[in-house]
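Chemist:
Protein chains: 2
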Amino acid sequence: MGTFGEATALVARGTDEFGATLDAQWSVGTKLHGGYLLAVLARAARQSGAGERHPHVTAVSGAFVEPPAPGPADVRVEPLRIGRSLAQVRVSLAQEGRVRVESHVTLGVLDDGDPWWTSLPPVELPAEEDCFLAPTDPPGADFAVPLMAVVEERVDPAHLAFAFGAPTRKGEIASWQRLADGSDWDPLSLLVALDPVPPVSFDLGLSGWVPTIQLSAYIRRLPAPGPIRVRLSATDVGGDRMDEVAHVWDSKGRLVAQATQLAAVRLPD
Amino acid sequence: MGTFGEATALVARGTDEFGATLDAQWSVGTKLHGGYLLAVLARAARQSGAGERHPHVTAVSGAFVEPPAPGPADVRVEPLRIGRSLAQVRVSLAQEGRVRVESHVTLGVLDDGDPWWTSLPPVELPAEEDCFLAPTDPPGADFAVPLMAVVEERVDPAHLAFAFGAPTRKGEIASWQRLADGSDWDPLSLLVALDPVPPVSFDLGLSGWVPTIQLSAYIRRLPAPGPIRVRLSATDVGGDRMDEVAHVWDSKGRLVAQATQLAAVRLPD
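For the record, the sequence lines run as chains A and B. For the first sequence, the residue numbers in my numbering are 15 to 283. For the second sequence, the residue numbers in my numbering are 15 to 283.
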């Protein structure tokens, strides 16, 4: 089983062009995980010319155009602006000449300072050992989640009622997360944590795949070592669309990342 | 004073290329308003080939690269995928050959149905006539807000304590909004409402311009006629960055749009 670093490694083909090898281990069902894909794109931004003086990914918005397949992919970075305090680039991931994911990435410099102001305390969770380790083969699910072998996710048992056919319908799923390779979280791997599995639709009694249409992530500060707390919630579901809002706190209880996504969902008639 | 439709009008130069004339009326201080700029880009997506079978803007993420100046601009649409239920395009706005704003836009079909599920009731506001009509020349501010002549914004007086030197520091500003031209809100003009003025930093005791770095907006359903309610809030301020989260409800009390943005903010030493 490869590490996160290996799964997102790039081979430089020039200043702003890279080759990636997308790793099927970072999948949900048969689809590569959206947060993993954004991490590959963001790493390319980081390793491009624009990243030389702007070492950290601070914002990523991705348009999911067509699911890429595991295997080789071409990643291209197009600088839009390289300024003093930040750099902005467009990054595309293509296979067979067709764009599969395209994103805008802002690079800058993060620190690990406390917030000047915050309105959102960390989500309350039982102790890690009292949470439920999400399996790669969820009982009752008709698909496997290989991602759960590389991301150790311990879900609040109170949010798992859906697995017993009794979803809370509160629209919230919270968990502890660690990378299974033992490495600490960083701005790139936090993109994986910002696109949690299972989707919050499970807690609303909706099963099935929920493909991301667009996802926008902000990395707010460098995470302290140790596990992170992740809260996923929804605001509104209708018209075959759902929003998912993710917040991530580090082991010091500080918000380190946040994201929103718009996803397609199949609603009952 | 032009209407919203006139201020965002485009001249087609081909299927996917347009000329725009950016209108200084839609400015905050000397800078064109971010939501207005996204509306120009989104209108181009809508009027491009991709919009033929997908009439509504449903998601827009924009990277603000360099503030454009009022006057002529070139808008180019690049189709990424035109599918059955949605279309995804990249749209850029350039002046003098340099990209100033670039976005990904998802088009689809919206309806005006009620949500299947929601967790967020409309923000509570005093009656419109009991709220404070935001002026184009705010007392005590060192810049004008021409936008307030085309967007009638009535702010909850409880959220205006900052104007008297006593910000609540709750990080919330809510308002009623109407277009001054008398037209009803639609998916394009809602993009203006999703980037409210004043920024929520004013309620935290921070003055000054807060330039948007990235903004991501979702239009969730067609708004009913009448005024909208807008709630702007912040989650975390630190490292010279702030997030702003906007929710918009229509006159029937349904969430019609939501957005998040990452903005640069100057914090006290």
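Where a beta carbon is used, it is the ideal one built from N, C-alpha and C, also for glycine.
Scan the region 62–123 of chain B and note each continuous beta strand (DSSP E) run of 3 residues or more that stays entirely inside, going in chain order.
Modeler: Counting whole runs of 3 or more residues, the region 62–123 of chain B contains the beta strand (DSSP E) stretches 70–78, 85–96, 101–109 and 112–122.
Chemist: Looking at the ligand GDP, does it come within less than 7 Å of residue 63 of chain B, judged from the CB to the closest heavy atom?
Modeler: The ligand GDP is not part of this structure, which contains no ligands at all.
Chemist: Compare the C-beta of residue 187 of chain B against all C-beta atoms of chain A and say whether one is closer than 8 Å.
Modeler: Residue numbering aside, residue 187 of chain B sits at position 173 when the second sequence is read from its first letter. Closer than 8 Å: no.
Chemist: Is DSSP giving residue 54 of chain A helix, strand or coil here?
Modeler: If you number the first sequence from 1, residue 54 of chain A lands on position 40. Helix, per DSSP.
Chemist: Is the Cβ-Cβ distance between residue 161 of chain A and residue 211 of chain A less than 8 Å?
Modeler: Indexing the first sequence from 1 puts residue 161 of chain A at position 147. Indexing the first sequence from 1 puts residue 211 of chain A at position 197. In contact: residue 161 of chain A and residue 211 of chain A (Cβ atoms closer than 8 Å).
Chemist: Does any residue of chain A have a CB that is nearer than 8 Å to the CB of residue 60 of chain B?
Modeler: Mapped onto the second sequence, residue 60 of chain B falls at position 46. No, its Cβ sits nowhere closer than 8 Å to a Cβ of chain A.
Chemist: Quick check: the region 246–254 of chain A against the region 130–149 of chain B, are there 3 or more CB pairs under 8 Å?
Modeler: The answer is yes - the region 130–149 of chain B touches the region 246–254 of chain A, with three or more Cβ pairs under 8 Å.
Chemist: Residue 278 of chain A and residue 255 of chain A look like a contact to me (Cβ under 8 Å); what is the Cβ gap, rounded to whole Å?
Modeler: For this step, residue 278 of chain A is matched to residue 264 along the first sequence. For this step, residue 255 of chain A is matched to residue 241 along the first sequence. Indeed, because the Cβ distance is near 6 Å, the residues count as touching under 8 Å.
Chemist: Just mark residue 126 of chain B as buried or exposed, buried being the case when its beta carbon has 16 or more other beta carbons within 10 Å.
Modeler: For the purposes of this step, residue 126 of chain B is taken as residue 112 along the second sequence, with counting starting at 1. That one is exposed.
Chemist: Considering only residues of the same chain and omitting the five flanking positions on each side of residue 214 of chain A, which have a CB-CB separation below 8 Å?
Modeler: To locate residue 214 of chain A, count along the first sequence from 1; it is residue 200. Contacts found: 185, 186, 187, 246, 247, 248, 256 and 258.
Chemist: Cβ closer than 9 Å: which chain B residues qualify as neighbours of residue 98 of chain A?
Modeler: Mapped onto the first sequence, residue 98 of chain A falls at position 84. Within chain B, no residue comes near residue 98 of chain A; the closest Cβ sits about 12 Å away, beyond 9 Å.
Chemist: When the Cα of residue 64 of chain B is compared with those of B:75, B:91 and B:73, which residue comes out closest?
Modeler: As a working mapping, residue 64 of chain B is identified with position 50 in the second sequence. Answer by Cα proximity: B:91.
Chemist: Closest to residue 69 of chain A by C-alpha separation, out of A:200, A:241, A:34 and A:274, would be which residue?
Modeler: Position 55 of the first sequence holds residue 69 of chain A. Out of A:200, A:241, A:34 and A:274, A:200 has the C-alpha closest to the C-alpha of residue 69 of chain A.
Chemist: Compute the distance between the beta-carbons of residue 71 of chain B and residue 202 of chain B, then report whether it is under 8 Å.
Modeler: Numbered from 1 along the second sequence, position 57 holds the residue referred to as residue 71 of chain B. Numbered from 1 along the second sequence, position 188 holds the residue referred to as residue 202 of chain B. It is a contact, given that the beta carbons lie within the stated cut-off.
Chemist: Pull up the distance between the alpha-carbon of residue 26 of chain B and that of residue 32 of chain B, whole angstroms please.
Modeler: Position 12 of the second sequence, counting from 1, holds the residue named residue 26 of chain B. Position 18 of the second sequence, counting from 1, holds the residue named residue 32 of chain B. One C-alpha to the other measures close to 5 Å.
Chemist: Leaving out the 5 sequence neighbours to the left and right, which residues in its chain are closer than 6 Å to residue 240 of chain A when beta-carbon positions are compared?
Modeler: The count along the first sequence starts at 1 and reaches residue 240 of chain A at position 226. 265.
Chemist: Report the option in B:89, B:261 and B:189 whose CA atom is closest to the CA atom of residue 140 of chain B.
Modeler: Indexing the second sequence from 1 puts residue 140 of chain B at position 126. Per the Cα distances, B:189.
Chemist: With DSSP collapsed to three states, give me the class of residue 236 of chain A.
Modeler: Your numbering for residue 236 of chain A matches position 222 in the first sequence. Here residue 236 of chain A sits in coil by DSSP.
Chemist: Find the residues of chain B that neighbour residue 120 of chain A, judging by a C-beta separation of less than 8 Å, and give them in chain order.
Modeler: Within the first sequence, residue 120 of chain A is the residue found at index 106, counting from 1. The contacting residues are 77, 227, 228 and 276.
Chemist: Would you be able to state if there are at least three C-beta pairs under 8 Å between the region 84–98 of chain A and the region 73–85 of chain B?
Modeler: Touching, yes, given that three or more Cβ pairs across the two stretches are closer than 8 Å.
Chemist: Taking the straight line between their C-alpha atoms, what separation do you get for residue 21 of chain B and residue 192 of chain B?
Modeler: For this step, residue 21 of chain B is matched to residue 7 along the second sequence. For this step, residue 192 of chain B is matched to residue 178 along the second sequence. Each residue's alpha carbon lies about 16 Å from the other.
Chemist: Where residue 166 of chain A and residue 155 of chain A are concerned, what is the direct C-alpha to C-alpha distance, given to the nearest angstrom?
Modeler: Here residue 166 of chain A corresponds to residue number 152 of the first sequence, with the count starting at 1. Here residue 155 of chain A corresponds to residue number 141 of the first sequence, with the count starting at 1. Answer to the nearest angstrom: the Cα atoms are 18 Å apart.
Chemist: Check this for me: beta carbons of residue 270 of chain A and residue 233 of chain A, under 8 Å apart or not?
Modeler: Translated into positions along the first sequence, residue 270 of chain A becomes position 256. Translated into positions along the first sequence, residue 233 of chain A becomes position 219. Against a cut-off of 8 Å, the Cβ pair of residue 233 of chain A and residue 270 of chain A comes out as a contact.
Chemist: Please classify residue 147 of chain A: is it buried, with 16 or more other beta-carbons within 10 angstroms of its beta-carbon, or exposed?
Modeler: Indexing the first sequence from 1 puts residue 147 of chain A at position 133. With fewer than 16 other Cβ atoms within 10 Å, it is exposed.
Chemist: Residue 216 of chain A: buried (16+ other C-beta within 10 angstroms of its C-beta) or exposed?
Modeler: The residue labelled residue 216 of chain A in the question sits at position 202 within the first sequence. Buried: at least 16 other Cβ atoms inside 10 Å.
Chemist: Below 8 Å on the Cβ atoms is my guess for residue 290 of chain B versus residue 54 of chain B; work out the distance and round it to an integer in Å.
Modeler: Only positions 15 to 283 of chain B appear in the structure, and residue 290 of chain B is not among them; the question remains open.
Chemist: Below 8 Å between beta carbons is the criterion; list the residues of the region 124–147 of chain A that meet it against any residue of chain B, in chain order.
Modeler: If the cut-off is 8 Å between Cβ atoms, the region 124–147 of chain A has 124, 125, 127, 128, 129, 130, 131, 132, 133 and 134 near chain B.
Chemist: Based on Cα-Cα distance, which residue from A:275, A:253, A:153 and A:272 lies nearest to residue 282 of chain A?
Modeler: For this step, residue 282 of chain A is matched to residue 268 along the first sequence. Nearest of A:275, A:253, A:153 and A:272 to residue 282 of chain A, Cα basis: A:253.
Chemist: For chain A, find out if any of its Cβ atoms is closer than 8 Å to the Cβ of residue 252 of chain B; answer yes or no.
Modeler: Here residue 252 of chain B is taken as the residue at index 238 of the second sequence, counted from 1. Answer yes: the Cβ-Cβ gap between residue 252 of chain B and chain A drops below 8 Å somewhere.
Chemist: List the residues of chain A that residue 248 of chain B touches, going by C-beta distances under 8 Å, in chain order.
Modeler: Here residue 248 of chain B corresponds to residue number 234 of the second sequence, with the count starting at 1. Correct list: 131 and 133.
Chemist: Is the CB of residue 110 of chain A under 8 Å away from at least one CB in chain B?
Modeler: Within the first sequence, the letter at position 96 stands for residue 110 of chain A. No - not a single Cβ of chain B is within 8 Å of the one on residue 110 of chain A.
Chemist: Kindly indicate which three-state DSSP category residue 157 of chain A falls into: helix, strand or coil?
Modeler: The residue labelled residue 157 of chain A in the question sits at position 143 within the first sequence. Residue 157 of chain A: coil per DSSP, three-state reduction.
Chemist: Find the residues of chain A that neighbour residue 80 of chain B, judging by a C-beta separation of less than 7 Å, and give them in chain order.
Modeler: The residue labelled residue 80 of chain B in the question sits at position 66 within the second sequence. In chain order: 95.
Chemist: Could you tell me if residue 82 of chain A is buried or exposed, where buried requires 16 or more neighbouring beta carbons within 10 angstroms of its beta carbon?
Modeler: The residue you call residue 82 of chain A lines up with position 68 of the first sequence. The residue is buried, with at least 16 neighbouring Cβ atoms inside 10 Å.
Chemist: Please name the residue in A:181, A:209 and A:272 whose C-alpha comes closest to that of residue 41 of chain A.
Modeler: Here the question's residue 41 of chain A lines up with position 27 in the first sequence. Measuring from the Cα of residue 41 of chain A, the nearest candidate turns out to be A:209.
Chemist: CA-CA distance, residue 268 of chain A and residue 136 of chain A?
Modeler: Residue 268 of chain A sits at position 254 when you count from the first residue of the first sequence. Residue 136 of chain A sits at position 122 when you count from the first residue of the first sequence. Spanning the two alpha carbons is a distance of roughly 7 Å.
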